[in-house]
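For the protein sequence lines, the chains are A, B and C, in the order given.
Using the numbering used here, the letters of the first sequence map in sequence onto residues 243 to 498.
Using the numbering used here, the letters of the second sequence map in sequence onto residues 73 to 337.
Using the numbering used here, the letters of the third sequence map in sequence onto residues 6 to 650.
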Amino acid sequence: MASAHNGMRLTLKIWRQPSPQAAGRLQTYEMRDVSPDVSFLEMLDQLNEQLIAQGEEPVAFDHDCREGICGMCGVMINGQAHGPQNQTTTCQLHMRSFHDGDVILIEPFRADAFPVIKDLVVNRSAFDRIIQSGGFVSVNTGSAPEGNAIPVPRHMQEKAMDAAACIGCGACVASCKNASAMLFTSAKVSQMAYLPQGKAERSQRVLSMVAKMDEEGFGACTNTGECEAACPAGIQLSNIAVMNREYMRALLTSHE
Amino acid sequence: MATGSVENNSSWLKKLNLTWVTRLFTSSIGRKMVMGATGLGLCGFLVVHLAGNLFLYKGREAYDGYAHALHEQEWLPLAEAGLFALFLLHIYLAFVTTWENRRARSKSYVMRESKRQDRVIAAPVGSPSNWMFVSGAVVLGFLILHIIDMKLQLRPDVQHYAEHESFANAIAVLSNPVSQVVYCLGTVFLGFHLSHGFSSAFQSLGLNHPKYTPTIKVVGLIFAVVVAAGFFLLPIIVPMSPGLVEQAKQVEVSIDEAPAATAHP
Amino acid sequence: MSTVASEPAILDGKCPTGPMAERWEQRKRDLKLVAPNNRRKYTVIVVGTGLAGGSAAASLAELGYNVLSFCVQDSPRRAHSIAAQGGINAAKNYQNDGDSVWRLFYDTVKGGDFRSRESNVYRLADLSRNIIDQCVSQGVPFAREYGGTLANRSFGGAQVSRTFYCKGQTGQQLLLGAYQAQMRQVAAGKVKMFSRREMLDLVVINGVARGIVTRDLVTGAMETYAADAVVLCTGGYGNVYYLSTNAKNCNVTAAWRCHKKGALFANPCYTQIHPTCIPVSGDHQSKLTLMSESLRNDGRVWVPKTQGETRPASQIPDDQRDYYLERRYPSFGNLAPRDISSRAAKERCDAGYGVGMGGMSVYLDFADAIRRDGEATIRAKYGNLFEMYEQITGENPYQVPMRIYPAVHYTMGGLWVDYNLQSNLPGLYVLGEANFSDHGANRLGASALMQGLADGYFVIPYTIADHLATSKHEKVTTDHPAFKEALIESRNITERLLNTKGRRSVDSFHRALGKIMWDKVGMARTAEGLQQAISQIRELRDEFWRDVKVLGSGDNFNQMLEHAGRVADFMEFAELLAIDALERDESCGGHFREEHQTPDGECQRDDENYCHVSAWEFQGVGNQPVMHKEPLSFEEVHLATRSYK
Chain A
243 MASAHNGMRL TLKIWRQPSP QAAGRLQTYE MRDVSPDVSF LEMLDQLNEQ LIAQGEEPVA
303 FDHDCREGIC GMCGVMINGQ AHGPQNQTTT CQLHMRSFHD GDVILIEPFR ADAFPVIKDL
363 VVNRSAFDRI IQSGGFVSVN TGSAPEGNAI PVPRHMQEKA MDAAACIGCG ACVASCKNAS
423 AMLFTSAKVS QMAYLPQGKA ERSQRVLSMV AKMDEEGFGA CTNTGECEAA CPAGIQLSNI
483 AVMNREYMRA LLTSHE
Chain B
73 MATGSVENNS SWLKKLNLTW VTRLFTSSIG RKMVMGATGL GLCGFLVVHL AGNLFLYKGR
133 EAYDGYAHAL HEQEWLPLAE AGLFALFLLH IYLAFVTTWE NRRARSKSYV MRESKRQDRV
193 IAAPVGSPSN WMFVSGAVVL GFLILHIIDM KLQLRPDVQH YAEHESFANA IAVLSNPVSQ
253 VVYCLGTVFL GFHLSHGFSS AFQSLGLNHP KYTPTIKVVG LIFAVVVAAG FFLLPIIVPM
313 SPGLVEQAKQ VEVSIDEAPA ATAHP
Chain C
6 MSTVASEPAI LDGKCPTGPM AERWEQRKRD LKLVAPNNRR KYTVIVVGTG LAGGSAAASL
66 AELGYNVLSF CVQDSPRRAH SIAAQGGINA AKNYQNDGDS VWRLFYDTVK GGDFRSRESN
126 VYRLADLSRN IIDQCVSQGV PFAREYGGTL ANRSFGGAQV SRTFYCKGQT GQQLLLGAYQ
186 AQMRQVAAGK VKMFSRREML DLVVINGVAR GIVTRDLVTG AMETYAADAV VLCTGGYGNV
246 YYLSTNAKNC NVTAAWRCHK KGALFANPCY TQIHPTCIPV SGDHQSKLTL MSESLRNDGR
306 VWVPKTQGET RPASQIPDDQ RDYYLERRYP SFGNLAPRDI SSRAAKERCD AGYGVGMGGM
366 SVYLDFADAI RRDGEATIRA KYGNLFEMYE QITGENPYQV PMRIYPAVHY TMGGLWVDYN
426 LQSNLPGLYV LGEANFSDHG ANRLGASALM QGLADGYFVI PYTIADHLAT SKHEKVTTDH
486 PAFKEALIES RNITERLLNT KGRRSVDSFH RALGKIMWDK VGMARTAEGL QQAISQIREL
546 RDEFWRDVKV LGSGDNFNQM LEHAGRVADF MEFAELLAID ALERDESCGG HFREEHQTPD
606 GECQRDDENY CHVSAWEFQG VGNQPVMHKE PLSFEEVHLA TRSYK
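This is the structure:
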């Protein structure tokens, strides 16, 4: 914080793309007086106020809860999904992770399955379609048995919970060199595989979720582990192995 | 993509209830499984091949004895065909998945940086997992040369002996400076490939368990280093062992017989 | 919009009569049904995809209705229900500790400071048990005992352990359960999902809600949708304060536009302030983060005894610290209820004893607990919260005390609904935080999730059938003139925002509004302050329409335009909130009027004059709205002073 002002000076290089069809480009912005205590998104807010004052259209970026749980935010910061800190969403990243004079490159999450809508905003509805293809237990409201009638061993519940913690932000896809959605898909497959509630539909679930994932144009897993490192919710690579296992089991034993 | 091809061109597969086979070769996970399984099969071949090659150090008699015994086995053509199929599948799927994976992100990042903190091998170019296709391709190149050398005996710059003189032929190839460079390079890339491939195959086959996976990763590394070093040392140590070279020199040169004729028709 | 001023009326909540425990059964017997083969003839619009909206959309589709589901986010899974941390209450009595439906009902009525509707609360407590069963079946990974049975923890305002939880992410897991149920219906073709759509207006034909106007946030296209009923599940209005623990996209627009179309708005002044939030760190702060109040089990709250203290906490000796909660509430100490703790913190800071930036926070100190139990124990209990705190503030709470300050995080008020969750406009149902019905003047912890899901899974499927089966109205399409008219109205607002071409950004107006609201309509309110607030809001609103600067156009993705529309509605709604707070000349729950407090600073209710729901009818922007009353009667839980001494 050696600048003459109270905060940091930063050079931002931000991907600007007015519409899905338009060709985008990096645009450079200079910022000063960025407090190390603000979050990364608040820094972008500050930039946008600056742009509005100049009559320039602000940078579009997705965000909502700003407490790391909704999964709406997410950009590539200097080539890393959600920036330099592990297990952190963009909204929880604070500017104290940067230094005075830094150049920060900000790009949208890139994958053909996540087309850019505008600037840093992408369309992640492919994730919804993967869940639609089988990421649920088919139980209608009202038909549930008494809660304690389905005992779940604690260690299984804990594993299921760890997998269920996925926030669906898409950082796994963004950071994977193959733009693979395996970590996302496997988190749901594993959660259901660990729980007795998920057993009835396990074969159908994994077969159709994987087919949908492929159909949406995500790449395959080559076990680089980048997804796990970028995941803000700590979803582990072992979930992908669970999904592989479930898939193999379904291939060999299901009637399909 | 995957489902589409299942639907379209495989009605007979459907009738035989074999869509699972189609899935195995068209879905992302099915392919990775085949990739992993064939990879592990090839690892098994490497072990056998290295073990056989170690007879080189024992001298002509031992090596030729081993080679002849092997070649006399009736199942050898079958094993070779199997091995060829493993290679073919592995290579074919490598091309297909790489092609599709590239397609999944047609617009690339201006900048990309790893967030992994746990690299076992922190190569300056990024982790081996990012270079599987490239390292595999280099190994494939090496492999083609190796087959030309050993099996087809087509190299014009290498002294060839009669076909049954396996030891002499091997020494001749290993003493050739071009071979030495290419073989050493090839085995380095092989080790690089294996350092990720071995443990990755287990992951692809769903064999991941908190109790065993850390061990598998270490075993994978050791395997990669041992196998690579084993092959790497052959073109270095063998030509430098006067005893072995001497033994090879005693073999009659099969002057410009069949091989030369095939090489220069 | 021209409206004829109507006369104040007495509203009927249409609650069943008879024994409390049998009222919902009684109502279910009386409600008309729609036969399975007829359900596919009806279309229901569900706006919002949080716990209430997601569960309603899924359940209605399962029954066979055609559901059109709308949300502003890119995916229905992102609704703000996802951020609830603590848990969900249910009267299962798994702990054998004396819990029952009646006790949960009692705690909720008392916790709501006797300003909720008894019949609704009893039904909520009763349905709480079905919710757990339903969610377990969906695969929600609730915490378990080693034997595999469901685990519970205790929460504020209750003497039993009845809170079910999924680590610190209960809201997320429950929401994903509802979301997945909804996605299953999308795959089945029964739910049509419209994400990145904002509801801009309600279409009312012959007094009945028949559709909505939306804006496609990606293309900017204004669209209309017709249906046989509209279910509004659009959450609360905490963002009227600008800084709150709500997500940035939370807004009052959908509810407010319904209000302008004739729906009554009930008890807008009931807002809940959470005492343990991470304080504001600077001018660019965009949002506040809540930390579970369980922290107060081990942390001690204090401020320095000297005003304007500059020494760091560690250098202030114990005898120069004021542990004000322990001092003022010796028996409850640091565990005093939310509203009381919040006001006490504000009082100290206003008096100049606050710490941190601008003196707007108090210490929450774990040094004694760490000394007593060891750092490992504290880490095991609160590790994730401590990490989150450090992430945001850059301070290590194991070494320096946390700094906390209260923040707005839930709003009990909302659109008025009857026992069937139907607003005064037939065909318009309001669920979850968007309605007013179940929490009275204050909501207990772990009850919001319960209400959202009870409404969506177990109430609306029954009550909506009655409307569909009994109202004999014609089918309408979006060609009806009322749709065209509403569409033009919405388009005009957008045009007006874009054409104002002023000098001041939307965000700066929102901040200015938030400041007025927080200062004068926040934790402690006075008649004088409220009057000032009302005139300041009016001035700010005029300035907004003169000087707001919205760049870009209306026919593409334009976040500034979205924000502007929401702030425009907040500008109008804020006035109603202040008017309601001014009119309610008593203190109750989250509504604290300084004029009405006991000698030791507690809320002083006025049951004689204010034991009612205030439901406001819109009379045009800037005009005094008309207040209708729904009297509240307490048959089971008798009116008493809420005491936590």
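Idealized CB from N, CA, C, for every residue including glycine.
Just so it is clear, the structure is predicted and the values come from calculations on it, not from any experiment.
DSSP, read as helix, strand or coil, puts histidine 336/A in strand. DSSP lists Met318/A as the bridge partner or partners of glutamate 349/A.
DSSP places threonine 229/C outside any alpha helix (DSSP H); the residue lies instead in the beta strand (DSSP E), whose first and last residues are 227-231. Between glutamine 329/A and glutamate 185/B, the gap from beta carbon to beta carbon reaches 8 Å or more. For glycine 266/A, no CB of chain C lies under 8 Å from its own CB, so it is not counted at the interface with that chain.
Taken atom to atom, the span from the alpha-carbon of glycine 292/B to that of leucine 266/B is near 7 Å.
In the DSSP assignment, alanine 134/B falls within the alpha helix (DSSP H) that extends over 132-144.
Serine 442/C counts as buried, since at least 16 other C-beta atoms from the protein chains shown sit within 10 angstroms of its C-beta. In the DSSP assignment, the residues bridged to proline 636/C are His617/C. For a Cβ distance threshold of 9 Å, nothing in chain C lies close to arginine 352/A: the least Cβ distance comes to about 16 Å. Considering only beta carbons, the part of the stretch 152-171 of chain B lying closer than 8 Å to chain A consists of Thr169, in chain order. Spanning the alpha carbons of glycine 364/C and phenylalanine 75/C requires a straight line of approximately 43 Å.
Residues are counted here when their Cβ sits less than 8 Å from a Cβ of chain C; for the stretch 346-372 of chain A these are Ile359, Lys360, Val363, Asn365, Arg366, Ser367, Phe369 and Asp370, given in chain order.
For glycine 216/C, the uninterrupted beta strand (DSSP E) run begins and ends at 213-221, by DSSP. For valine 250/B, the uninterrupted alpha helix (DSSP H) segment begins and ends at 249-276.
Of all alpha-carbon atoms in Glu599/C, Ala517/C and Val145/C, the one lying nearest the alpha-carbon of glutamate 352/C is that of Glu599/C.
Its Cα nearest to that of glycine 527/C, the residue Pro273/C stands out among Pro273/C, Leu207/C, Asp484/C and Asp118/C. When rounded, the separation of the alpha-carbon atoms in serine 60/C and glutamate 67/C is 10 Å. Our two residues, asparagine 254/C and proline 260/A, have alpha carbons roughly 22 Å apart in a direct line. Annotated as distal: serine 540/C and leucine 390/C, with beta-carbon spacing of 8 Å or more.
Proximity to alanine 268/C across Val236/C, Gln277/C and Ile283/C peaks at Val236/C, based on C-alpha coordinates. For the pair glycine 278/B and arginine 487/A, the CB atoms are nearer than the 8 Å cut-off. Cβ neighbours of leucine 300/C within its own chain (closer than 7 Å, five residues either side excluded): Thr281, Leu369, Tyr387 and Leu390.
For valine 301/A, no Cβ of chain B is located within less than 8 Å of the residue's own Cβ.
Interface criterion met: the Cβ of serine 142/C is under 8 Å from a Cβ in chain A.
Against chain C, the beta carbon of alanine 406/A has neighbours under 9 Å at Gly144, Val145, Pro146, Cys171, Gln174, Gln177, Gln178 and Leu181, listed in chain order.
Separation of cysteine 140/C and phenylalanine 167/B (C-alpha to C-alpha, rounded to the nearest whole angstrom) is 45 Å. Remark: three or more beta-carbon pairs, one from each stretch, lie closer than 8 Å, so the stretch 158-167 of chain C and the stretch 91-106 of chain C are flagged as touching. DSSP lists Val213/C as the bridge partner or partners of isoleucine 210/C. Under DSSP, tryptophan 307/C forms a beta bridge with Tyr368/C. With the rule of 3 Cβ pairs closer than 8 Å, the stretch 208-222 of chain B does not count as touching the stretch 111-124 of chain B. One thing to note: leucine 518/C has its Cβ within 8 Å of the Cβ of isoleucine 542/C. Scanning Tyr275/C, Ile50/C, Ala57/C and Ala620/C for the CA closest to the CA of valine 218/C turns up Ile50/C. Put simply, the backbone Cα of asparagine 365/A is about 14 Å away from that of aspartate 221/C. CA-to-CA, the gap between arginine 128/C and valine 464/C works out to about 9 Å. Residue-level contact check: asparagine 244/C does not touch chain A, since none of the beta carbons of chain A fall below 8 Å from its beta carbon.
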